[in-house]
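In order, the protein sequence lines correspond to chains A and B.
Numbering of the first sequence is given in numbering that gives the first Met the number 0, commencing with residue 0 and proceeding in unit increments.
Numbering of the second sequence is given in numbering that gives the first Met the number 0, commencing with residue 0 and proceeding in unit increments.
Protein chains: 2
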Amino acid sequence: MDLEVVTIGTELLLGFLVDTNAAWLGQALSESGIRVTRRTSVPDDRAAIAEAVALGLRRTRFVITSGGLGPTSDDVTREAVAALFGLPLEFQPAIWEELQARFARIGRALADRNRCQAEVPRGAVVLPNPRGTAPGLWVSGEAGEVVMLPGVPRELSGLVTEEVVPRLRARSGGRVVRSRVVRTTGIPESRLAERIAHLEPTLPPLTVAYLPILEGVDLRLTAWDLPPDNADRLLLDAAEKLQEVLGEHVYATGEGDLAAQLLDACRSRRLRLAVAESCTGGLIAARITAIPGSSDVFVGGMVTYADQVKEALGVPARILEAHGAVSEETAAALAAAVRTRYRADLAVGVTGIAGPGGGSTEKPIGLVWFGVADGRGVETRRHVFPGSRHEVRARATQFALWSLWRRALSSGSGPGSQ
Amino acid sequence: MDLEVVTIGTELLLGFLVDTNAAWLGQALSESGIRVTRRTSVPDDRAAIAEAVALGLRRTRFVITSGGLGPTSDDVTREAVAALFGLPLEFQPAIWEELQARFARIGRALADRNRCQAEVPRGAVVLPNPRGTAPGLWVSGEAGEVVMLPGVPRELSGLVTEEVVPRLRARSGGRVVRSRVVRTTGIPESRLAERIAHLEPTLPPLTVAYLPILEGVDLRLTAWDLPPDNADRLLLDAAEKLQEVLGEHVYATGEGDLAAQLLDACRSRRLRLAVAESCTGGLIAARITAIPGSSDVFVGGMVTYADQVKEALGVPARILEAHGAVSEETAAALAAAVRTRYRADLAVGVTGIAGPGGGSTEKPIGLVWFGVADGRGVETRRHVFPGSRHEVRARATQFALWSLWRRALSSGSGPGSQ
Chain A
0 MDLEVVTIGT ELLLGFLVDT NAAWLGQALS ESGIRVTRRT SVPDDRAAIA
50 EAVALGLRRT RFVITSGGLG PTSDDVTREA VAALFGLPLE FQPAIWEELQ
100 ARFARIGRAL ADRNRCQAEV PRGAVVLPNP RGTAPGLWVS GEAGEVVMLP
150 GVPRELSGLV TEEVVPRLRA RSGGRVVRSR VVRTTGIPES RLAERIAHLE
200 PTLPPLTVAY LPILEGVDLR LTAWDLPPDN ADRLLLDAAE KLQEVLGEHV
250 YATGEGDLAA QLLDACRSRR LRLAVAESCT GGLIAARITA IPGSSDVFVG
300 GMVTYADQVK EALGVPARIL EAHGAVSEET AAALAAAVRT RYRADLAVGV
350 TGIAGPGGGS TEKPIGLVWF GVADGRGVET RRHVFPGSRH EVRARATQFA
400 LWSLWRRALS SGSGPGSQ
Chain B
0 MDLEVVTIGT ELLLGFLVDT NAAWLGQALS ESGIRVTRRT SVPDDRAAIA
50 EAVALGLRRT RFVITSGGLG PTSDDVTREA VAALFGLPLE FQPAIWEELQ
100 ARFARIGRAL ADRNRCQAEV PRGAVVLPNP RGTAPGLWVS GEAGEVVMLP
150 GVPRELSGLV TEEVVPRLRA RSGGRVVRSR VVRTTGIPES RLAERIAHLE
200 PTLPPLTVAY LPILEGVDLR LTAWDLPPDN ADRLLLDAAE KLQEVLGEHV
250 YATGEGDLAA QLLDACRSRR LRLAVAESCT GGLIAARITA IPGSSDVFVG
300 GMVTYADQVK EALGVPARIL EAHGAVSEET AAALAAAVRT RYRADLAVGV
350 TGIAGPGGGS TEKPIGLVWF GVADGRGVET RRHVFPGSRH EVRARATQFA
400 LWSLWRRALS SGSGPGSQ
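Here's what the structure looks like:
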């Protein structure tokens, strides 16, 4: 099944917003065997919206729109599409009452201008949107079908997953485009390509794409237009082959996050975790605590930005004086101190120079020292990361998580160890 | 001057790539007074490319394409556009020799398949691309003009900046599209709209757009097609009017981050800052330390995830037992304790339930308690945030930064206080 997507918003064309909905929609639909054959972005303008939707209907008879369903005067999608189908907008008291009741439950009042979000083109199917105030609207007519969705990403994705895809899947004939990602870290793209070169001829009909991101390189394997079972089996086999060759550089075959893998590795070994961060400034703790259920493994962290706080944690002043705050000795002392202080089993200490200021020939911007402490002692690693302050911090955070993960795996009492 | 953009690539439609070029192009062009009136994404398919370009030419007589100029068989933009204008492709030896010489200089060989990148529609202007192998191509004819650019982001942006914008600027008559954002937090979109309703009629020729993000609502004022000085003055005046009405809900008129504003407010008042975070798990510290130069204000933070760590910081066990970890008393004690322990002037303590588990009728998911401590004592606030774990954490982080910022402003010894 083919369809077109029309994303609506002057901001999209001005480039003040990156159209992440478009990518997300493409993935979610192709995953169900539905192909997006064209995507058009138009401003918040009735005529432009109507023209783009009408052309899309002429080509595929099915259009999904996102955006322009809000309560303000620049939200005109509802009117444009209703007019295109020659349908009047009708106020539906039930929608309005449900909205009011929902707001009342969380102790908030709903503004009167939201009333327009209870207006529906006559005969349209209303798709409930528990995450926001604008329901999705599914209009059918001679010209084809239009599904209008709100532009707020979590509202759009909720409606697509719960309301749109289940209805469309029935029409897609059982073939899918499916992909699986093999997530790597600690190895640059060119070295990765060399390591797996001998495997590439064995991958078709799957394709493989290299996606370098801040946290490493994702390898995306894709199966095109195959029956679901066949696609899944091929993808799983190929992911396992890659993992065998790449070893500890692969931290997930699937959408997994390294912090989640670390928590699992600790949990199965009953290891309690703590962190002491300087240049990463809370990012390691934030990555870990982003995972639901992290509290049964993660004890806590310290962001030891000022030297006085490093000392208060238990880093001896003589170490800071003799070697400086960014040094192997400080990283090791941070890890050991936070492990003891927080009664954790496994801990990391991180100290470095994220930039843009503060670098020197001896200690350049991007230099980061890591200490990993467990019952066996403290291990240290030095790394110089390229890029901006943001990039150095993100890369150092990933490296710290990777170091902790490998240390946990090697501690040997869990099911995943060798 | 109006034009349309056509981005080309099957990967874009499948959603495996986010179309960052589109946003970048929108910004770069509007900054020079050129308006992108529509953007279309099509797969690597001759007919689809030709149709999208032809429709764009009919509407605006000017189209910029990105992508599909590479050396592989799925790169068909060159052929599609040449055919549309009825022009033959001609191999230009000079381009090929220059490419070979460039590769020889960096010790690499150029594959024969790159020869097609030296093919040019007859009469096209060739735009040199020192960052890659595909030059830009500018074709003119009866139907209008098409500029073909490569899809690699840094090649595209280099060509636009160095070759396209300078040629187009001359046509835009010195008029620009410029915008300014007024960043608000702590007030929902609908309430915001009511508060500024009386101002909206005074804003034209500027337009205003509401952009709800996790951290609040951004109001984007835009001046269309005006001389630069005039645009800047109107934008500044309007931003000031909005700020006057919205008061402390406006934390920046411009691209400013709330963490940066907080650091400035503290710096000018010589306040040193510390944080104790439970449910936000390091995000507040990470937002603060993302700002270069934060170390002269920010002392450090604690991520007090486990109760034992809250106690170690100095939250009395009897408070945790009597009121629970998520309580007004614990938030206040966290703030006071980290302020004392870290010898800071201003501190926040945050404790809450981010979900997805752990909620109850009395303490629902999304409930967060905040304590803000300074020399005058501790102030507490309760808030229930909607959304997922990620959203609750991001919103609570913004609320904590906002609370700290207002407390800093009210401490009265800096230039920004009343």
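Every residue, glycine too, gets a C-beta built ideally from N, C-alpha and C.
All figures in this text were calculated on a predicted structure; none of them were measured in a lab.
Boundaries of the beta strand (DSSP E) in which residue i is found, first to last residue
i: Val381 of chain B; result: Per the sequence shown, the amino acid found at residue 381 of chain B is Arg instead of Val. Looking at the DSSP string, the run of the beta strand (DSSP E) that includes Arg381 of chain B is 376–383.
i: Gly351 of chain A; result: 345–351
i: Ser178 of chain B; result: 175–183
i: Ile7 of chain B; result: 1–7
i: Ser65 of chain A; result: 61–65
i: Val337 of chain B; result: No beta strand (DSSP E) holds Val337 of chain B; the alpha helix (DSSP H) holding it covers 327–340.
i: Thr36 of chain B; result: 34–41
i: Gly172 of chain A; result: Gly172 of chain A -> no beta strand (DSSP E), and no H or E assigned at all.
i: Val371 of chain A; result: 366–373
i: Val207 of chain A; result: 206–212
Residue i and residue j closer than 8 angstroms at C-beta
i: Asn128 of chain B; j: Gly135 of chain B; result: yes
i: Val35 of chain B; j: Leu12 of chain A; result: yes
i: Val349 of chain A; j: Ser277 of chain A; result: yes
i: Gly32 of chain B; j: Val176 of chain B; result: yes
i: Leu345 of chain A; j: Arg406 of chain A; result: yes
i: Glu188 of chain B; j: Val216 of chain B; result: yes
i: Leu257 of chain B; j: Thr183 of chain B; result: no
i: Leu220 of chain B; j: Ala237 of chain B; result: yes
i: Arg153 of chain A; j: Arg174 of chain A; result: no
i: Thr303 of chain A; j: Gly313 of chain B; result: no
i: Phe84 of chain A; j: Ala117 of chain A; result: no
Interface flag, residue i vs chain B, CB-CB below 8 angstroms
i: Pro363 of chain A; result: no
i: Ser402 of chain A; result: no
i: Val17 of chain A; result: yes
i: Ser65 of chain A; result: no
i: Gly55 of chain A; result: no
i: Glu10 of chain A; result: yes
i: Thr160 of chain A; result: no
i: Ala305 of chain A; result: yes
i: Asp373 of chain A; result: no
Outcome for residue i when other beta-carbon atoms lying within 10 angstroms are tallied against a minimum of 16
i: His248 of chain B; result: buried
i: Ser40 of chain A; result: buried
i: Val146 of chain B; result: buried
i: Asp306 of chain B; result: buried
i: Ser359 of chain A; result: exposed
i: Ile352 of chain B; result: buried
i: Gln417 of chain A; result: Here the model assigns Gln417 of chain A a pLDDT of 36, short of 50, so the residue's position is not dependable and the matter cannot be decided.
i: Thr206 of chain A; result: exposed
i: Asp228 of chain B; result: exposed
i: Thr71 of chain B; result: exposed
i: Pro355 of chain A; result: exposed
i: Gly9 of chain A; result: It should be noted that the sequence gives Thr, not Gly, for residue 9 of chain A. Per the 10 Å Cβ criterion, buried.
i: Asp43 of chain A; result: buried
i: Thr160 of chain A; result: exposed
i: Glu3 of chain B; result: buried
Short CB-CB distance (under 8 angstroms) between residue i and chain A
i: Tyr341 of chain B; result: yes
i: Gly150 of chain B; result: no
i: Val41 of chain B; result: yes
i: Pro165 of chain B; result: no
i: Pro385 of chain B; result: yes
i: Arg406 of chain B; result: no
i: Met301 of chain B; result: yes
i: Trp23 of chain B; result: yes
i: Ala348 of chain B; result: Strictly speaking, residue 348 of chain B in this sequence is Gly, with Ala absent from that position. It does not; no Cβ of chain A falls within 8 angstroms.
i: Val337 of chain B; result: no
i: His197 of chain B; result: no
i: Pro355 of chain B; result: yes
Enclosing alpha helix (DSSP H) for residue i [first to last residue]
i: Pro92 of chain B; result: 92–104
i: Arg121 of chain A; result: From DSSP, Arg121 of chain A is part of no alpha helix (DSSP H); its letter is neither H nor E.
i: Ile195 of chain A; result: 188–195
Legend entry - Those runs of the alpha helix (DSSP H) which lie wholly inside the segment 240–320 of chain B and span at least 4 residues: 257–267, 282–288, 306–312
Inset, instruction - Output the residue ranges of the beta strand (DSSP E) runs that lie fully inside the segment 125–166 of chain B and measure 3 residues or longer, sorted by chain position. - result: 135–140, 143–148
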